[in-house]
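Taking it in order: structure first as structure tokens, then the write-up.
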Amino acid sequence: MAFYEENPGQITGADIVVGIPTANEVESIAVTTARVDKGLSEYFPGMRCVIIDCDNHSSDGTREAFFAAPGTTPRLYISTEPGVGGKGRNIVNFFQRARQLDPKALIILEADIKNISPVWIRNLGTPILKGAGFVCPLYVRHKYEATLTSSIIYPLFRCLYGRRVRQCNVGVYGFSPKLLDSYLNPPFWSEMLDNYGADIWMANVALASRLPVVQAIMGSPKVHRLKDSYLHLPVFFHEVVGTIFDLMQVYQDFWKQVKWSKPTALFGTDLQEVETPLPVDMNTKRLHEMFIEGFDNYYGLWEQVYGPMVVPKLQEIRSIGLQHFSFPTQTWMTILFDSAVAYRWMSPAERKNLLDGLLPLYLGKVLSYVKKTERMSLQQAEDYIENECMIFEENKPYILKVWTKGEGG
């Protein structure tokens with residue numbers, strides 16, 4: 001339970017509860033809170049609503065800015081104890097506190113989104129009130145934004161769980177209180193979920209719940225404060241991909257029974273204006289260099305994990321050169337499936353090394369995607385990704401085969 005709470009309005013119940021995880025977000029929390037308040041007031045005027053700041057004991061005035069933000073929606077502040085950080089701890093506190101309020105719908109937002117719109121609150125909350133179990137936003141994105149989602153998360157989740165949910169790892173969700181038991185009594189938890197793994201964990205648990213899933217069209221990109229995309233990539237990659245592999249073991253009885261994928265319902269198709277995504281520059285030379293460096297550091301590991309069918313293909317890809325670089329989807333699919341199986345039986349140290357070795361291969365796949373789609377429109381690039389996903393689905397018997405083989409079956 002939360003270490004500290006402030007509940008100035010003595011709130012004991014609510015229909016809609018919005019949680020905003022924070023850690024020293026004084027620069028953004030007031031604007032975010034005000035826009036959430038506007039969305040709740042405009043689209044849910046007859047319902048009891050509350051906004052909860054789920055904080056990591058911020059020392060920069062986040063709490064004060066949260067309470068001082070304009071708006072009339074009642075507010076709660078809860079915090080982890082000093083020294084306890086991570087988004088995962090914040091959202092668990094949110095789950096616990098929100099359940100006590102007996103809500104009909106819950107929403108989680110990120111504090112540092114610069115362009116949050118009140119209509120986002122409508123699009124995340126309304127499907128839940130109409131019976132959905134989980135709502136993922138569908139943002140307008142540049143074709144080179146969120147390549148981890150395009151290259152790993154979306155194809156794997158489609159193949160494994162049979163749900164075509166394009167943007168699972170976004171940190172913004174609507175969900176039903178029916179999921180709270182699963183979130184508060186999870187079949188799996190690790191340190192990775194304290195930070196970057198928390199978002200994909202939430203989505204993965206929801207996709208395996210058999211509850212209805214909806215994608216909410218947001219009509220605009222999601223704009224964060226500027227971050228160095230390479231600075232946190234190794235940790236981000238480890239925690240997200242490691243969480244996916246961990247949960248493959250937890251939910252193996254579920255995904256083994258899934259054949260093919262089905263479209264996911266859309267909400268928010270009435271939005272009239274769709275913004276253009278911000279440009280994303282890709283340093284293809286650097287991507288190529290990091291892929292080539294992987295051979296010096298991880299070739300022995302690749303030989304051990306991927307075997308005689310994949311490793312010669314990697315050598316062939318290496319020899320192509322930057323100008324005509326290409327990484328076949330079939331090879332990438334095999335690498336991901338083989339990695340998941342190997343990860344299953346490894347020690348923590350071996351798993352870390354495996355993910356270290358998978359990262360340059362992922363960067364090679366991203367480079368290939370950039371080369372293939374550089375002259376494509378956004379829609380053409382999406383069609384390309386959809387075709388790649390079908391290759392994953394068509395080859396699901398392979399993951400079933402190698403997964404069972406690893407069990408000695």
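In terms of this note's numbering, the sequence shown opens at residue 1 and continues consecutively. Built from N, CA and C at the ideal position, the CB exists for glycine as well.
Asked, Found
"I need the straight-line Cα distance from Leu367 to Val310, nearest angstrom please.", "18 angstroms"
"Determine the burial state of Thr276: buried for a count of at least 16 other Cβ atoms within 10 Å of its Cβ, exposed for fewer.", "exposed"
"By DSSP's criteria, Phe134 is part of a beta bridge. Which residues make up the other side?", "Phe175 and Val213"
"On the DSSP bridge list, what partners appear for Cys49?", "Ile16"
"If you draw a straight line from the C-alpha of Phe3 to the C-alpha of Gly19, how long is it?", "17 angstroms"
"With distances taken Cα to Cα, identify the nearest neighbour of His57 among Ile78, Lys371, Phe94 and Pro74.", "Ile78"
"Would you mind sorting Gln215 into buried or exposed? The rule is 16 or more other CB atoms within 10 Å of its CB.", "buried"
"Using a Cβ-Cβ distance cut-off of 8 angstroms, determine whether Cys168 contacts chain C.", "No chain C is part of this structure, which consists of one protein chain only."
"Can you round the beta-carbon distance between Ile11 and Leu76 to whole angstroms, since I take them to be within the 8 angstroms contact cut?", "6 angstroms"
"For Phe94, does the count of other Cβ atoms within 10 angstroms reach 16, so buried, or fall short, so exposed?", "buried"
"Grouping DSSP H, G and I as helix and E and B as strand, with all else coil, what is Asp228?", "With a pLDDT of 44 at Asp228, under the threshold of 50, the predicted position of this residue should be treated as unreliable, though the coordinate-derived value follows. Coil."
"Should the segment 375 to 385 be regarded as contacting the segment 310 to 322, the criterion being three or more beta carbon pairs within less than 8 angstroms?", "no"
"At what residues does the alpha helix (DSSP H) containing Ala68 begin and finish?", "Thr62 to Ala68"
"Does Asp55 pass the burial test, meaning 16 or more other C-beta atoms within 10 Å, or should it be called exposed?", "buried"
"Helix, strand or coil for Ile391 per DSSP?", "helix"
"Going by alpha carbons, who is nearest to Lys114 out of Thr32, Trp201 and Gly197?", "Thr32"
"Could you give the residue range of the alpha helix (DSSP H) that holds Leu359?", "Pro348 to Thr373"
"If Val241 sits next to Leu355, beta carbons under 8 angstroms apart, how far is it from one beta carbon to the other, in whole angstroms?", "6 angstroms"
"Could you tell me which of Val135, Pro279 and Val140 sits nearest to Phe175, measuring between CA atoms?", "Val135"
"Just to confirm before moving on: does the CB-CB distance between Leu160 and Phe237 stay below 8 angstroms?", "no"
"Leaving out five residues on either side along the sequence, give the residues of the same chain with a beta carbon under 7 angstroms from the beta carbon of Pro155.", "Glu388, Cys389 and Phe392"
"Should the segment 87 to 107 be called in touch with the segment 59 to 68, which here means at least 3 C-beta pairs below 8 angstroms?", "no"
"Please check the pair Ala198 and Gly88, which I expect to be a contact at CB under 8 angstroms, by giving their CB distance rounded to whole angstroms.", "4 angstroms"
"What's the C-alpha gap between Leu179 and Arg375?", "42 angstroms"
"May I have the straight-line CA-CA distance separating Ile153 from Cys168, to the nearest angstrom?", "7 angstroms"
"I'd like to confirm the pairing. Which residues does DSSP put opposite Glu22 in its beta bridges?", "As written in the sequence, residue 22 is Thr, which differs from the Glu given in the question. Partner(s): Asp55."
"Quick one, which of Thr373, Thr264, Trp302 and Phe327 has its alpha-carbon nearest Ala342's?", "Trp302"
"Using the Cα positions of Pro187 and Lys285, report the straight-line distance between them to the nearest angstrom.", "42 angstroms"
"Is the beta carbon of Arg163 closer than 8 angstroms to that of Ser261?", "yes"
"For the putative contact between Pro212 and Gly133, defined by C-beta atoms under 8 angstroms, what is the C-beta separation to the nearest angstrom?", "5 angstroms"
"So, with DSSP's three-state summary, where would you put Tyr4?", "strand"
"In its own chain, which residues sit with a C-beta less than 8 angstroms from the C-beta of Thr22, not counting the 5 before and 5 after it?", "Ile29, Asp53, Cys54, Asp55, Asn56, Ser58, Thr62, Phe66, Asn90 and Ala111"
"According to DSSP, Phe267 sits in a beta bridge with which residue or residues?", "Ala216"
"Within 10 angstroms of the Cβ of Lys371, are there 16 or more other Cβ atoms? Answer buried if so, exposed if not.", "buried"
"Measuring straight from C-alpha to C-alpha, what distance separates Pro70 and Gly171?", "24 angstroms"
"Keeping to the same chain, check which residues put their C-beta closer than 8 angstroms to that of Val140; ignore five residues upstream and five downstream.", "Met218, Gly219, Ser220, Pro221, Val274, Glu275, Thr276 and Pro277"
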